[in-house]
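These notes concern the structure reproduced below.
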Amino acid sequence: MPELDPSLHAALAGFAGHQRVLVALDFDGTMSPLVDRPQDARPLPQTAAAFEQLAASPGVYTAVVSGRNLQSLREVYPQPRPGICIGSHGAERLVPSWLGANWQDEPLTAEQTALLGTVTQRLEHVAAAHENASLEYKPSATVLHVRQALPDAAAKALAQARQALADLDGVKLLDGKAVLEATVHHGDKGQSLQWLRETLDVQAVLFAGDDVTDENGFRVLGAEDVGIKVGSGPTAAAYSISSPADLPDLLKSLISMRN
């Protein structure tokens, strides 16, 4: 069995002892190392293989809970993908048919659609004014990416974007690693995990993520759950691993414990 931090090992052992569990993973920076261009991201092969193996274990449900929109996730996650994929921080959900009755897509209202158009127009002006700044378009959000920009230029672009959107009511800003997402949908990963917990009727949840937006997920976890921060930085997660490269061994340990 791969060597883990003793406290994390003990937490995994307790988690593995439950009959019905959910293992939920963020994608970028967790299943996949962070890359300069979002379209170049891919899950580490060992992580994807272990995640698939977990999904085949009795009593184990698996889900990707990502800030990416579902179309983007399909493009970067080769088949076979998990049967449950939460995209856009909960605004989009791809679930098996037997779960479909518990989720209905809610299209944007006319007011939200108009607001998103205003957000997009303003962020397009910001991106055009800063070298190596780019935009990602989601069904309910527009995201400013500055990972390829020089640090000073990136900071200025993010600050300008915040200022440009400051007067818009109904827009939620989500900070990430070299990104700023402006969404008119006010769900988050914590709400998504709670929905999955209740819908799947699991006894415990393991959630791993690396970014600021994953903190909403960590905050809803309880005593029987396991929250794992990938990388450094302040976090509400009780445990941490150094990088996405450590995730395959963690998943393999959980598989061994379940077996």
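Per my numbering, the sequence shown starts with residue 292, numbered consecutively. C-beta atoms are modelled at their ideal positions from N, C-alpha and C, and glycine is treated no differently.
Open item on the list: Rounding to the nearest angstrom, what Cα-Cα distance links residue 357 and residue 435 in this structure?
Closed with: So the alpha carbons of these two residues sit roughly 17 angstroms apart.
Task: For residue 520, the residue or residues it bridges with in DSSP - done: DSSP lists 500 and 531 as partners of residue 520.
Open item on the list: Using CA atoms only, rank isn't needed, just tell me which of 449, 400, 406 and 389 is closest to residue 418.
Closed with: Per the C-alpha coordinates, the member of 449, 400, 406 and 389 positioned closest to residue 418 is 449.
Open item on the list: Given this structure, state the Cα-to-Cα distance separating residue 527 from residue 510, to the nearest angstrom.
Closed with: Approximately 6 angstroms, taken between the alpha carbons.
TODO: Just grab the DSSP bridge partners of residue 435 for me.
DONE: As computed with DSSP, residue 435 is found in a beta bridge with 426 and 471.
TODO: Go ahead and label residue 404 buried or exposed: buried means 16 or more other beta carbons lie within 10 angstroms of its beta carbon, across all protein chains shown.
DONE: It counts as exposed.
Open item on the list: Give me, in chain order, the residues of the same chain whose beta-carbon lies closer than 7 angstroms to that of residue 422; leave out the 5 immediate sequence neighbours on both sides.
Closed with: Around residue 422: 440 and 444.
TODO: Within the same chain, show all residues whose beta-carbon is closer than 6 angstroms to that of residue 512, passing over the 5 residues directly before and after it, in chain order.
DONE: The beta carbon of residue 512 is closer than 6 angstroms to those of 518 in its chain, skipping five residues each way along the sequence.
Open item on the list: Would residue 341 and residue 542 qualify as a contact pair, given that the criterion is a beta-carbon distance under 8 angstroms?
Closed with: In this structure, residue 542 lies closer than 8 angstroms to residue 341 by Cβ.
Task: Whole-angstrom distance between residue 479 and residue 351, CA atom to CA atom - done: Approximately 23 angstroms, taken between the alpha carbons.
Open item on the list: Let's test the definition: count the other Cβ atoms within 10 Å of the Cβ of residue 507 and tell me whether it reaches 16, buried, or not, exposed.
Closed with: Buried, by the Cβ-count rule.
Open item on the list: Rounded to the nearest angstrom, what separates residue 464 and residue 407 at their Cα positions?
Closed with: Between residue 464 and residue 407, the C-alpha separation is close to 12 angstroms.
- [ ] Could you tell me which residues DSSP puts in a beta bridge with residue 352?
- [x] Beta-bridge pairing links residue 352 to 313.
Open item on the list: In this structure, how does DSSP classify residue 301 when only helix, strand and coil are distinguished?
Closed with: Judged by DSSP in its simplified three-state form, residue 301 adopts helix.
Task: Straight-line Cα distance separating residue 322 from residue 487 - done: Going by the C-alpha atoms only, they are around 19 angstroms apart.
Task: Option in 460, 544, 540 and 306 with minimal Cα separation from residue 336 - done: Checked all of 460, 544, 540 and 306; the closest Cα to residue 336 is 540.
Task: Close-in-space but distant-in-sequence residues of the same chain around residue 462 (CB under 8 angstroms, 5 per side omitted) - done: Shown here for residue 462: same chain residues with a beta carbon closer than 8 angstroms to its own, the five before and five after excluded, namely 406, 410, 456, 473, 474 and 475 in chain order.
Task: DSSP beta-bridge partners of residue 319 - done: According to DSSP, which records beta bridges pairwise, residue 319 is partnered with 323.
Open item on the list: Excluding the 5 residues flanking residue 503 on each side, which residues of the same chain have their C-beta closer than 8 angstroms to its C-beta?
Closed with: These residues qualify, in order along the chain: 465, 466, 467 and 468.
Open item on the list: Could you compute how far the alpha carbon of residue 416 sits from the alpha carbon of residue 430?
Closed with: Cα-Cα distance, rounded: 20 angstroms.
Open item on the list: Within a Cβ cutoff of 6 angstroms, which residues of the same chain sit near residue 524, ignoring the five residues on either side of it in sequence?
Closed with: Around residue 524: no qualifying Cβ.
Task: 8 angstroms Cβ cutoff met for residue 367 and residue 310 - done: Contact annotation: residue 367 and residue 310 have beta-carbon atoms that are not nearer than 8 angstroms.
Task: Span of the alpha helix (DSSP H), counted from its first residue to its last, around residue 378 - done: For residue 378, there is no enclosing alpha helix (DSSP H); the enclosing beta strand (DSSP E) has its first and last residue at 375-378.
- [ ] With residue 385 as the anchor, note down where its beta strand (DSSP E) starts and where it stops.
- [x] For residue 385, the enclosing beta strand (DSSP E) has its first and last residue at 383-385.
Task: Residues bridged to residue 465 (per DSSP) - done: Beta-bridge pairing links residue 465 to 472.
TODO: State the Cα-Cα distance for the pair residue 317 and residue 402, rounded to the nearest angstrom.
DONE: Taking the straight line from one Cα to the other gives about 30 angstroms.
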